[in-house]
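Asker: Got a structure here, written out as structure tokens. Questions coming.
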Amino acid sequence: MLNRRALAPPLLLGSLATFTILIHYYFSSRSILPWSLPNPARHSPRLSRRIYVNKTGVQNNVVIDLQSEEVRRVRWKIDLMMLPLLGVSYFLQFLDKQSLSYSSLLGMIPDTKLQGSQYSWVASIFYFGYIFWSYPTAFLAARLPIGKYLAGTVIVWAIVLMCHGACHNFLGLMITRFFLGAFEAALAPGFSLVMGMWYTRREQPLRYGLWFCGGPVATLFGGLIAYAIGHLEGDLPTWRYLFIILGAVTAVWGIFMLVLLPDCPSDAIWLSSAQRETAVYRIQADTQGSSKGSFKMYQALEALQDPVTWLLCLYTFCTNIANGGLTAFGSLVIRGFGYKGLQALLIQMPTGAAQLGFVIISCTLCSWLPNIRTIMMMCLTIISLIGMVLMYALDSTNQSGRLAGFCLSLAFSANMPLAMSLITSNLAGFTKRAVVNACVLIMYSAGNIVGPQFFNVNDAPNYPKGIKASLIGLALATFWVLCLRIYLTWQNKKRDRNSSEETGAVQRQILLMEDKTDWEVAACRYVL
-13 MLNRRALAPP LLLGSLATFT ILIHYYFSSR SILPWSLPNP ARHSPRLSRR IYVNKTGVQN
47 NVVIDLQSEE VRRVRWKIDL MMLPLLGVSY FLQFLDKQSL SYSSLLGMIP DTKLQGSQYS
107 WVASIFYFGY IFWSYPTAFL AARLPIGKYL AGTVIVWAIV LMCHGACHNF LGLMITRFFL
167 GAFEAALAPG FSLVMGMWYT RREQPLRYGL WFCGGPVATL FGGLIAYAIG HLEGDLPTWR
227 YLFIILGAVT AVWGIFMLVL LPDCPSDAIW LSSAQRETAV YRIQADTQGS SKGSFKMYQA
287 LEALQDPVTW LLCLYTFCTN IANGGLTAFG SLVIRGFGYK GLQALLIQMP TGAAQLGFVI
347 ISCTLCSWLP NIRTIMMMCL TIISLIGMVL MYALDSTNQS GRLAGFCLSL AFSANMPLAM
407 SLITSNLAGF TKRAVVNACV LIMYSAGNIV GPQFFNVNDA PNYPKGIKAS LIGLALATFW
467 VLCLRIYLTW QNKKRDRNSS EETGAVQRQI LLMEDKTDWE VAACRYVL
């Protein structure tokens, strides 16, 4: 006989996935950029570092040397302002997301009378909200002033986080977590737009990694912050103070962003007029393909037929099974190693340091060495596999060994900026890229929804089912990324055999000016 409660979660997930794709079809027929620039006059590949830009729209052509000292100074100034703004925002987002895990050690579970799998669902519901609001927020980010929209969203999610401190039961936590996921969904599409406004494609992988370091830094210091809050004395339980304080800090940061995060380079108050002009035109010089376009059904179908789409989706789903479980239950798992009370919060600091190291090393190597992104992703996933095996196989009395395994198990999280860069570097066509992003987003959220369901508070302190499920997910993820590298290598060799240098040069110019996909332009070569 069918269990209706067991059927509810997959039916709800399927409904949300269908809703997301339909919403995506509507939004992807609109422009994805909140500002537009004229296409620069491009020259041969040998002259790609120098462009001629018409500043007035008439005949006054000005030469901008992208390797000049002035351009480097402008880029350095942009780095000094934009990377801290993005990095601190991501730090606070990750810290706010992790607050549920910290609160589980501060007495939230018994105070709100959570039983059985209810805590797992409180963790999973965040990603239902994330899926539900991802495309509406992407549409709003493209239509509204991006700086003000992101700042406003940060302030709203800060208020929602503070509302967590007023929850007394399972229903209250489910509602607040859903809306927290919905409003935090703005950062992914918003930051993608911001990165495209300020940085060239070559500059983006390292800078994606730098602001992404906000997540590991949040893990590094989040436990220490929660430990300090756990020692507060007052009329409220300390877990309520945790949500209120973190929410208040995030709200203050949102006000700070409102002042300093510009809507586009020409609005940056911290750049001079000449520097703003340079910032705009250096991005024009790097533009490839159509930056905006209409929805094209053939590109959507091509995206669904492309093996790259499904290999990335399978990889994303499998890795995020582990991510969802460890994000929600990380504090409880560490407590299961034998670290008591608030000590389990402090022990999370080395795990954050390990994460940070993995992100910096992987993104730096991939920025300097060509075609090693998939190799790096495999290496990091295998390191995580080793960590999971240590957590699963070592005796429960081996505290240090299991903690070392936990630190290693988080290595896969450094793959996120690499996977994002694979999509932007390899897939061409406005609609195709948008559909692939939609599919990957659904699988990211699905993995994070499923992951906590393998963990259950009744399985404490070792959580064998959750760790085993994470281990299997990472093993499958390693296989899928290996398949991705083999497929892309085969495609590159096939294209090398079938195209001449002269034809390739012509097709590259077509790709620069038209909304064509990578399947339509044989000159495309995939980044490995």
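So in our numbering, spot 128 of the sequence shown is number 114, and the numbers just go up one at a time. The C-beta atom is built at its ideal place from N, Cα and C for all residues, glycine as well. Quick caveat, the model's predicted, so the values are computed rather than measured.
Given residue 299, which residues of its chain have a CB within under 7 Å of its CB, disregarding the five upstream and five downstream residues?
Answerer: Counted from its first residue, the sequence shown places residue 299 at position 313. Around residue 299: 425, 426 and 429.
Asker: Throw me the rounded Cβ distance for the residue 320 and residue 334 pair, which I believe falls under 8 Å.
Answerer: Walking along the sequence shown from the start, residue 320 turns up at place 334. Walking along the sequence shown from the start, residue 334 turns up at place 348. For residue 320 against residue 334, the beta-carbon gap comes to about 6 Å, under 8 Å, which counts as contact.
Asker: For the candidate residues 81, 464, 436 and 512, whose alpha-carbon lies nearest to that of residue 473?
Answerer: Position 487 of the sequence shown, counted from the first residue, corresponds to residue 473. Among 81, 464, 436 and 512, the Cα nearest to that of residue 473 belongs to 512.
Asker: What are the boundary residues of the alpha helix (DSSP H) that residue 413 is part of?
Answerer: By one-based count along the sequence shown, residue 413 stands at place 427. Careful: residue 413 lies outside any alpha helix (DSSP H) and carries neither H nor E.
Asker: At what residue ranges does the region 60 to 114 contain a whole run of the alpha helix (DSSP H), taking only runs of 4 or more?
Answerer: 94 to 97
Asker: Can you tell me the Cα-Cα spacing of residue 184 and residue 377, whole angstroms?
Answerer: Indexing the sequence shown from 1 puts residue 184 at position 198. Indexing the sequence shown from 1 puts residue 377 at position 391. One C-alpha to the other measures close to 42 Å.
Asker: For residue 292, is the classification buried or exposed, using 16 other Cβ atoms within 10 angstroms of its Cβ as the cut-off for buried?
Answerer: Stepping through the sequence shown from its first residue, residue 292 is reached at position 306. Residue 292 is classed as buried because its beta carbon has at least 16 other beta carbons within 10 Å across all chains shown.
Asker: Kindly indicate the opening and closing residues of the alpha helix (DSSP H) around residue 319.
Answerer: Residue 319 sits at position 333 when you count from the first residue of the sequence shown. Per DSSP, residue 319 belongs to the alpha helix (DSSP H) from 293 to 322.
Asker: Let me confirm a value: residue 517 is counted as buried when at least 16 other C-beta atoms fall within 10 Å, else exposed. Which label applies?
Answerer: No answer is possible for residue 517: it lies beyond the span of the chain, which begins at -13 and ends at 514.
Asker: Restricting to Cα atoms, I'd like to know which of 304, 316 and 240 is closest to residue 141.
Answerer: As a first step, residue 141 is located in the sequence shown; it is residue number 155 there, counting from the start. When each option's Cα is compared against that of residue 141, the closest is 240.
Asker: Taking its Cβ as the centre, do 16 or more other Cβ atoms sit within 10 Å of residue 102, making it buried, or is it exposed?
Answerer: For the purposes of this step, residue 102 is taken as the residue at position 116 of the sequence shown. Exposed, since its Cβ has fewer than 16 Cβ neighbours within 10 Å.
Asker: Ignoring anything shorter than 4 residues, give me the alpha helix (DSSP H) runs that lie fully in the region 380 to 407, in order along the chain.
Answerer: Listed in chain order, the complete alpha helix (DSSP H) runs (minimum 4 residues) inside the region 380 to 407 are 385 to 395.
Asker: Excluding five sequence neighbours on each side, which residues of the same chain lie with their C-beta closer than 6 Å to the C-beta of residue 163?
Answerer: Counting from one through the sequence shown, the residue named residue 163 turns up at place 177. So the qualifying residues of the chain are 108, 111 and 112.
Asker: Assuming residue 304 contacts residue 460 under a Cβ cut-off of 8 Å, what Cβ separation, rounded to an integer in Å, is found between them?
Answerer: Translated into positions along the sequence shown, residue 304 becomes position 318. Translated into positions along the sequence shown, residue 460 becomes position 474. Rounded to the nearest angstrom, the Cβ distance from residue 304 to residue 460 is 7 Å, consistent with a contact under 8 Å.
Asker: Residue 84 and residue 313: beta carbons closer than 8 Å?
Answerer: On the sequence shown, residue 84 is found 98 positions in, with the first residue counted as 1. On the sequence shown, residue 313 is found 327 positions in, with the first residue counted as 1. Yes, the pair counts as a contact, with Cβ atoms nearer than the cut-off.
Asker: Could you spell out the range, first to last residue, of the alpha helix (DSSP H) harbouring residue 252?
Answerer: As a first step, residue 252 must be located in the sequence shown, where it is residue number 266. That residue, residue 252, is in no alpha helix (DSSP H); it is neither H nor E in DSSP.
Asker: Are the CB atoms of residue 330 and residue 147 within a distance shorter than 8 Å?
Answerer: One-based indexing of the sequence shown puts residue 147 at position 161. One-based indexing of the sequence shown puts residue 330 at position 344. Not in contact: residue 147 and residue 330 (Cβ atoms no closer than 8 Å).
Asker: So residue 168 is in the alpha helix (DSSP H); what residue range does that whole segment cover?
Answerer: Here the question's residue 168 lines up with position 182 in the sequence shown. Residue 168 -> alpha helix (DSSP H) spans 156 to 170.
Asker: Excluding the 5 residues preceding and the 5 following residue 453 in the sequence, name in chain order all residues of the same chain whose CB lies nearer than 7 Å to its CB.
Answerer: Here the question's residue 453 lines up with position 467 in the sequence shown. So the qualifying residues of the chain are 374, 377 and 378.
Asker: Going by beta carbon distance, what residues of the same chain come within less than 8 Å of residue 77, once the five residues before and after it are set aside?
Answerer: Counted from its first residue, the sequence shown places residue 77 at position 91. Answer for residue 77: 200, 201, 203 and 204, listed in chain order.
Asker: Taking buried to mean at least 16 other C-beta atoms within 10 Å of its own C-beta, is residue 444 buried or exposed?
Answerer: As a position in the sequence shown, residue 444 is number 458, starting the count at 1. With fewer than 16 other Cβ atoms within 10 Å, it is exposed.
Asker: Expressed to the nearest angstrom, what Euclidean distance is found between the alpha-carbon atoms of residue 506 and residue 189?
Answerer: Along the sequence shown, read from residue 1 onward, the residue named residue 506 stands at position 520. Along the sequence shown, read from residue 1 onward, the residue named residue 189 stands at position 203. Residue 506 and residue 189: Cα-Cα distance of roughly 26 Å.
Asker: Quick check on the DSSP output: the alpha helix (DSSP H) that includes residue 482 runs from which residue to which?
Answerer: Taking the sequence shown and counting its residues from 1, one reaches residue 482 at position 496. It spans 450 to 484 - the alpha helix (DSSP H) in which residue 482 sits, taken as one unbroken run.
Asker: Grouping DSSP H, G and I as helix and E and B as strand, with all else coil, what is residue 502?
Answerer: Reading the sequence shown from its first residue, position 516 is the one you call residue 502. Here residue 502 sits in coil by DSSP.
Asker: Ignore the nearest five residues each way along the sequence and tell me which others in residue 391's own chain have a CB closer than 6 Å to its CB.
Answerer: By one-based count along the sequence shown, residue 391 stands at place 405. Same-chain partners within the cutoff: 373, 376 and 377.
Asker: For residue 342, which residues of its own chain have a beta-carbon under 7 Å away from its beta-carbon, when the five flanking residues on both sides are left out?
Answerer: Against the sequence shown, residue 342 aligns to sequence position 356. So the list reads 199, 202, 203 and 206, once near-sequence residues are dropped.
Asker: Report buried or exposed for residue 40, applying the criterion of at least 16 other Cβ atoms within 10 angstroms of its Cβ.
Answerer: To locate residue 40, count along the sequence shown from 1; it is residue 54. Residue confidence for residue 40 is low, a pLDDT of 40 falling below 50, so the modelled location carries little weight; the figure read from the coordinates is stated next. It is exposed - the Cβ of residue 40 has fewer than 16 other Cβ atoms within 10 Å.
Asker: By how many angstroms is the C-alpha of residue 128 removed from the C-alpha of residue 436?
Answerer: Numbered from its first residue, the sequence shown carries residue 436 at position 450. Numbered from its first residue, the sequence shown carries residue 128 at position 142. Between residue 436 and residue 128, the C-alpha separation is close to 31 Å.
Asker: Tell me the rounded alpha-carbon separation between residue 466 and residue 317.
Answerer: The count along the sequence shown starts at 1 and reaches residue 466 at position 480. The count along the sequence shown starts at 1 and reaches residue 317 at position 331. Taking the straight line from one Cα to the other gives about 29 Å.
Asker: Skipping 5 residues on each side, what residues in its chain have a beta carbon closer than 6 Å to that of residue 282?
Answerer: Sequence index remark: in the sequence shown, residue 282 carries index 296 (1-based). So the list reads 417, once near-sequence residues are dropped.
Asker: For residue 227, I'd like the list of residues in its chain whose CB is within less than 8 Å of its CB, leaving aside the five on either flank, ordered along the chain.
Answerer: Your numbering for residue 227 matches position 241 in the sequence shown. 151, 215, 218 and 220.
Asker: Does the Cβ of residue 382 have 16 or more other Cβ atoms within 10 Å, making it buried, or fewer, making it exposed?
Answerer: Indexing the sequence shown from 1 puts residue 382 at position 396. Under this definition residue 382 is an exposed residue.
Asker: Excluding sequence positions up to five away, which residues of its chain have a Cβ less than 8 Å from the Cβ of residue 213?
Answerer: Here residue 213 is taken as the residue at index 227 of the sequence shown, counted from 1. Answer for residue 213: 328, 331 and 332, listed in chain order.
Asker: Identify, in the order they occur along the chain, each residue of the same chain with its Cβ nearer than 6 Å to the Cβ of residue 339, setting aside the five sequence neighbours on each side.
Answerer: Locating residue 339 in the sequence shown gives position 353, where the first residue counts as 1. Contacts found: 206.
Asker: Go through its chain and collect everything with a Cβ distance to residue 380's Cβ below 6 Å, but skip five positions before and after it.
Answerer: Numbered from 1 along the sequence shown, position 394 holds the residue referred to as residue 380. Within the same chain, residue 380 has close Cβ partners 387 and 388.
Asker: Shortest alpha-carbon distance to residue 398 belongs to which of 412, 441, 450 and 462?
Answerer: Taking the first residue of the sequence shown as position 1, residue 398 is located at position 412. The shortest C-alpha separation from residue 398 is found at 462.
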